[in-house]
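Colleague:
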Amino acid sequence: MPKREEIEELVNRIMVEEFEVPASDLRAEASLAKDLDMDSLDGVDLVVALEKTFRCRIPEANAKTIRTLGDIYDQVHSRLSAETGA
Amino acid sequence: MESAPRESAFDLAEYVPHRPPILGLDALLVLEDARAVARREVRPGPDVDAQGALWEAALIEGIAQTAAAMHGAAARRRGRGVLRGMLVGLSRFSIERLPKVGEVLEYEVSLVRELDAISLVHGQARVAGEVLAAGDFQFFTEQAGPPA
Numbered sequence: 054m055p056k057r058e059e060i061e062e063l064v065n066r067i068m069v070e071e072f073e074v075p076a077s078d079l080r081a082e083a084s085l086a087k088d089l090d091m092d093s094l095d096g097v098d099l100v101v102a103l104e105k106t107f108r109c110r111i112p113e114a115n116a117k118t119i120r121t122l123g124d125i126y127d128q129v130h131s132r133l134s135a136e137t138g139a
Numbered sequence: 179m180e181s182a183p184r185e186s187a188f189d190l191a192e193y194v195p196h197r198p199p200i201l202g203l204d205a206l207l208v209l210e211d212a213r214a215v216a217r218r219e220v221r222p223g224p225d226v227d228a229q230g231a232l233w234e235a236a237l238i239e240g241i242a243q244t245a246a247a248m249h250g251a252a253a254r255r256r257g258r259g260v261l262r263g264m265l266v267g268l269s270r271f272s273i274e275r276l277p278k279v280g281e282v283l284e285y286e287v288s289l290v291r292e293l294d295a296i297s298l299v300h301g302q303a304r305v306a307g308e309v310l311a312a313g314d315f316q317f318f319t320e321q322a323g324p325p326a
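Chains as they are written, first to last, in this note's numbering: chain A, 54 to 139; chain B, 179 to 326.
(1) Please classify E284 (chain B): is it buried, with 16 or more other beta-carbons within 10 angstroms of its beta-carbon, or exposed?
(2) Between the Cα of S93 (chain A) and those of A:L63, A:K117 and A:E71, spot the shortest distance and give me the residue it belongs to.
(3) Quick one: list the residues of chain A neighbouring V266 (chain B), beta-carbon separation under 7 Å, in chain order.
(4) Which whole-angstrom value describes the C-beta separation of R218 (chain B) and G202 (chain B), a residue pair presumed to lie in contact below a C-beta threshold of 8 Å?
(5) Identify the residues that DSSP records as bridge partners of T319 (chain B): which are they?
(6) Who are the neighbours of A102 (chain A) on chain B, taking C-beta pairs under 7 Å?
(7) Judging by CA-CA distance, which residue of B:A247, B:A253 and B:V299 is the nearest neighbour of A191 (chain B)?
(8) How far does the beta strand (DSSP E) with A245 (chain B) in it reach, from first residue to last?
(9) Is it the case that the region 118–130 of chain A contacts the region 315–322 of chain B, given that we only count it when at least three CB pairs across the two stretches are under 8 Å?
(10) At the level of alpha carbons, what is the spacing between Q321 (chain B) and V220 (chain B)?
(11) From this set, B:I238, B:G267, B:Q302 and B:P195, which residue's C-alpha is nearest D225 (chain B)'s C-alpha?
(12) Going by the DSSP bridge assignment, what does K278 (chain B) pair with across the sheet?
(13) Pull the bridge partners of A205 (chain B) from the DSSP assignment, please.
(14) Please list the partners that V290 (chain B) has in chain A, where partner means a Cβ-to-Cβ separation under 9 Å.
(15) Applying the 10 Å Cβ sphere with the 16-neighbour rule, what's the burial state of T244 (chain B)?
(16) For G240 (chain B) versus F271 (chain B), is the C-beta spacing smaller than 7 Å?
(17) Rounded to whole angstroms, what's the CA-CA distance from G168 (chain B) to V69 (chain A)? Just pull it up for me.
(18) Roughly how many angstroms lie between the CA atoms of S84 (chain A) and A228 (chain B), to the nearest whole one?
(19) With DSSP as the reference, please indicate the residues paired to E210 (chain B) in a beta bridge.
(20) What residue range is occupied by the uninterrupted alpha helix (DSSP H) comprising H329 (chain B)?
(21) Given this structure, state the Cα-to-Cα distance separating I67 (chain A) from E59 (chain A), to the nearest angstrom.
(22) Can you tell me whether S134 (chain A) is buried or exposed? The criterion is at least 16 other CB atoms within 10 Å of its CB, across all chains shown.
(23) Helix, strand or coil for A135 (chain A), going by three-state DSSP, please let me know.
(24) Where E61 (chain A) and I273 (chain B) are concerned, what is the direct C-alpha to C-alpha distance, given to the nearest angstrom?
(25) Using alpha carbons as the reference points, say which of B:V266, B:R304 and B:A251 lies closest to G259 (chain B).
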């Protein structure tokens, strides 16, 4: 399982490369909607990108709780921990 | 030479709300919860240009209508009743060439992911196995009628 820092780096890369978010805007407390200008259409693309990158499944109930970039880090870390039993 | 068009396995009117001239499908061949295949022969008409090529918008609409059938069939199987939906996004989409009058198009869609009311569907348009266009479609869907 990747370390927390590696997870954050990969998530940030997705945000920059797939969603064209400026790297300077990436901070854990950044709101996806208000600070990073992402909408519900981006939401499904984001989940797909995360699942593909980290080879994990993010349940819809969990995905719907994501509001900030930090929430994404936490969700991915949590899912990977759950799936590897770490 | 293209093979003879396959007969529709499903009643189009039951799964797709569109009617001519907007209806861009001739037949539904496969309808699964996460996949659908439809067919359309390109004939002279309002969505064909002077050179006999189908409009880009009509190609996109055909894929979207195939996805509508897939969503509708899946909803019916789950007892959800009639769905109302619309195409709200298109990404990573490219057209290699436009089909011409006389060619038989096959549209194939597969559900990639659903999140709340938004679904991401991968769609493709082919002629005799040649991929003419492909990309990702995003749909908004909501229940329009009472559960089945």
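In this text, a Cβ means the ideal position worked out from N, Cα and C, and glycines have one as well.
Modeller: Looking at the coordinates:
(1) buried
(2) A:K117
(3) L94
(4) Taking the Cβ atoms as the reference, R218 (chain B) lies roughly 6 Å from G202 (chain B), within the contact range of under 8 Å.
(5) Per DSSP, B:G263.
(6) Near A102 (chain A) there are no residues of chain B at all, since even the closest Cβ is about 10 Å away, more than 7 Å.
(7) B:A247
(8) Counting along the chain, A245 (chain B) falls outside any beta strand (DSSP E), though it belongs to the alpha helix (DSSP H) covering E234 to R255.
(9) no
(10) 32 Å
(11) B:I238
(12) Answer is B:A231.
(13) B:R217
(14) V97 and V101
(15) So T244 (chain B) counts as buried.
(16) Going by beta carbons, G240 (chain B) and F271 (chain B) fall outside the 7 Å limit.
(17) A question about residue 168 (chain B) goes unanswered here, because the residues of chain B that appear run from 179 up to 326.
(18) 50 Å
(19) According to DSSP, E210 (chain B) bridges with B:R213.
(20) Since the first residue of chain B shown is 179 and the last is 326, residue 329 (chain B) is not available in this structure.
(21) 12 Å
(22) exposed
(23) helix
(24) 35 Å
(25) B:A251
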